[in-house]
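Protein chains in written order, with my numbering: chain A, 447 to 547; chain B, 8 to 173. So the structure is just underneath, and the comments pick up after that.
Structure below.
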């Protein structure tokens, strides 16, 4: 299968992630959208490192860094979401109007 | 018969279908479990691309870590995890139109661009090459990311404490 197959799947994943982020109002659902977008970027990294003249493992190393950053992001975001729930008894992101320490 | 194209299409379909369910499922918990199949499908695609270590990392970190965290988040923050997701029809229409436009643009770019194609030869297992790379070429980002992980862990612990304990 060619590069285009993987890039097309990456594009579809990316768009579905964006649509998730636009349409959902639940903070955890937004996080799922972010994870979809990050996965699509990773897929593109690995596909390019396989099918173009880049050094073979560069794309995979970049993808591993992205996975690490995604883990950091998920942990911190989940802590914020739990705090939000404690303050507002709900995690509708449209209901959040305050930024207080 | 070579089964690789079949596997690629299967994993691709699994990924796309479950990701679509993440985006459009009316119930949040269903979306969360659907995400499991998306991550698994992407891991399968990594295997077909010859990235074995990355596929294992994907399963361990995404499914074993991030997805479990998200599911805990869903269960902790919704009084009824299977409750309907309230999404205004207007917002849904906006999202769908924007998504369709973006998808068209991206696919156009993917198929029109002249990628310099050449099949890279990958080593039998990539773990050795990646490990050597992390200790030589990518040592700086590797160390920075380790500090970032520590910072994220401490930050999350601080944020998650109750108000009175600060």
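For each residue, glycine too, the CB sits at the ideal point set by N, CA and C.
Proximity to residue i [Cα-Cα], best of the options
| i | options | result |
| --- | --- | --- |
| residue 136 of chain B | A:450, A:507, A:454, A:482 | A:507 |
| residue 481 of chain A | A:464, A:496, A:529, A:471 | A:464 |
| residue 501 of chain A | B:129, B:16, B:146 | B:129 |
| residue 488 of chain A | A:518, A:468, A:505 | A:505 |
| residue 461 of chain A | B:116, B:74, B:18, B:30 | B:30 |
| residue 80 of chain B | B:118, B:156, B:38 | B:38 |
| residue 165 of chain B | A:525, A:452, A:492 | A:525 |
| residue 451 of chain A | B:72, B:144, B:122 | B:122 |
| residue 15 of chain B | B:51, B:28, B:27 | B:51 |
| residue 514 of chain A | B:168, B:153, B:167, B:9 | B:153 |
| residue 9 of chain B | B:25, B:26, B:55 | B:55 |
| residue 555 of chain A | B:33, B:119, B:156 | Lying outside 447 to 547, the shown extent of chain A, residue 555 of chain A is not represented and no answer is given. |
C-beta atoms of residue i and residue j nearer than 9 Å
| i | j | result |
| --- | --- | --- |
| residue 60 of chain B | residue 134 of chain B | yes |
| residue 478 of chain A | residue 77 of chain B | yes |
| residue 483 of chain A | residue 163 of chain B | no |
| residue 459 of chain A | residue 486 of chain A | yes |
| residue 472 of chain A | residue 35 of chain B | yes |
| residue 537 of chain A | residue 84 of chain B | yes |
| residue 46 of chain B | residue 66 of chain B | yes |
| residue 541 of chain A | residue 534 of chain A | yes |
| residue 449 of chain A | residue 497 of chain A | yes |
| residue 457 of chain A | residue 114 of chain B | yes |
| residue 138 of chain B | residue 517 of chain A | no |
| residue 469 of chain A | residue 99 of chain B | yes |
| residue 453 of chain A | residue 117 of chain B | yes |
Neighbouring residues, chain B, relative to residue i (Cβ below 9 Å)
| i | result |
| --- | --- |
| residue 496 of chain A | 56, 57, 58, 126, 127, 129 |
| residue 482 of chain A | 26, 29, 30, 42, 45 |
| residue 534 of chain A | Result: empty, since nearest Cβ-Cβ is about 10 Å, beyond 9 Å. |
Alpha helix (DSSP H) segment containing residue i, residue limits
| i | result |
| --- | --- |
| residue 517 of chain A | 504 to 534 |
| residue 131 of chain B | Per DSSP, residue 131 of chain B belongs to no alpha helix (DSSP H) and is neither H nor E. |
| residue 28 of chain B | 11 to 31 |
| residue 98 of chain B | 96 to 119 |
| residue 452 of chain A | 449 to 469 |
| residue 66 of chain B | From DSSP, residue 66 of chain B is part of no alpha helix (DSSP H); its letter is neither H nor E. |
| residue 70 of chain B | Residue 70 of chain B -> no alpha helix (DSSP H), and no H or E assigned at all. |
| residue 80 of chain B | 75 to 84 |
| residue 148 of chain B | 146 to 167 |
Partners in chain B for residue i, counting only beta-carbon separations shorter than 8 Å
| i | result |
| --- | --- |
| residue 487 of chain A | By Cβ distance, chain B contributes nothing, its closest Cβ being about 11 Å from residue 487 of chain A, past 8 Å. |
| residue 542 of chain A | Within 8 Å Cβ-Cβ: nothing; residue 542 of chain A doesn't reach chain B, min ~13 Å. |
| residue 539 of chain A | In chain order: nothing, as chain B lies at least about 12 Å away. |
Chain B contact residues for residue i, given Cβ-Cβ distances below 7 Å
| i | result |
| --- | --- |
| residue 525 of chain A | 163, 166, 167 |
| residue 499 of chain A | 123, 125 |
Neighbour list for residue i in chain A, Cβ cutoff strictly below 8 Å
| i | result |
| --- | --- |
| residue 110 of chain B | 457, 458, 461 |
| residue 148 of chain B | 511 |
Per DSSP, cross-strand counterpart(s) of residue i
| i | result |
| --- | --- |
| residue 540 of chain A | According to DSSP, which records beta bridges pairwise, residue 540 of chain A is partnered with nothing at all. |
| residue 472 of chain A | A:538 |
Proximity test, residue i beta-carbon vs the ligand NAP heavy atom, cut-off 8 Å
| i | result |
| --- | --- |
| residue 158 of chain B | In the structure on display, the ligand NAP does not appear, and there are no ligands present to speak of. |
Chain A contact residues for residue i, given Cβ-Cβ distances below 7 Å
| i | result |
| --- | --- |
| residue 119 of chain B | What residue 119 of chain B touches in chain A: nothing, since even the nearest Cβ is about 10 Å away. |
| residue 134 of chain B | Within chain A, no residue comes near residue 134 of chain B; the closest Cβ sits about 10 Å away, beyond 7 Å. |
| residue 142 of chain B | The premise fails here: residue 142 of chain B is roughly 12 Å from chain A at the closest Cβ pair, so nothing lies under 7 Å. |
| residue 73 of chain B | 481, 516, 517, 520 |
| residue 38 of chain B | 475, 478 |
| residue 81 of chain B | 474 |
| residue 68 of chain B | 513, 517 |
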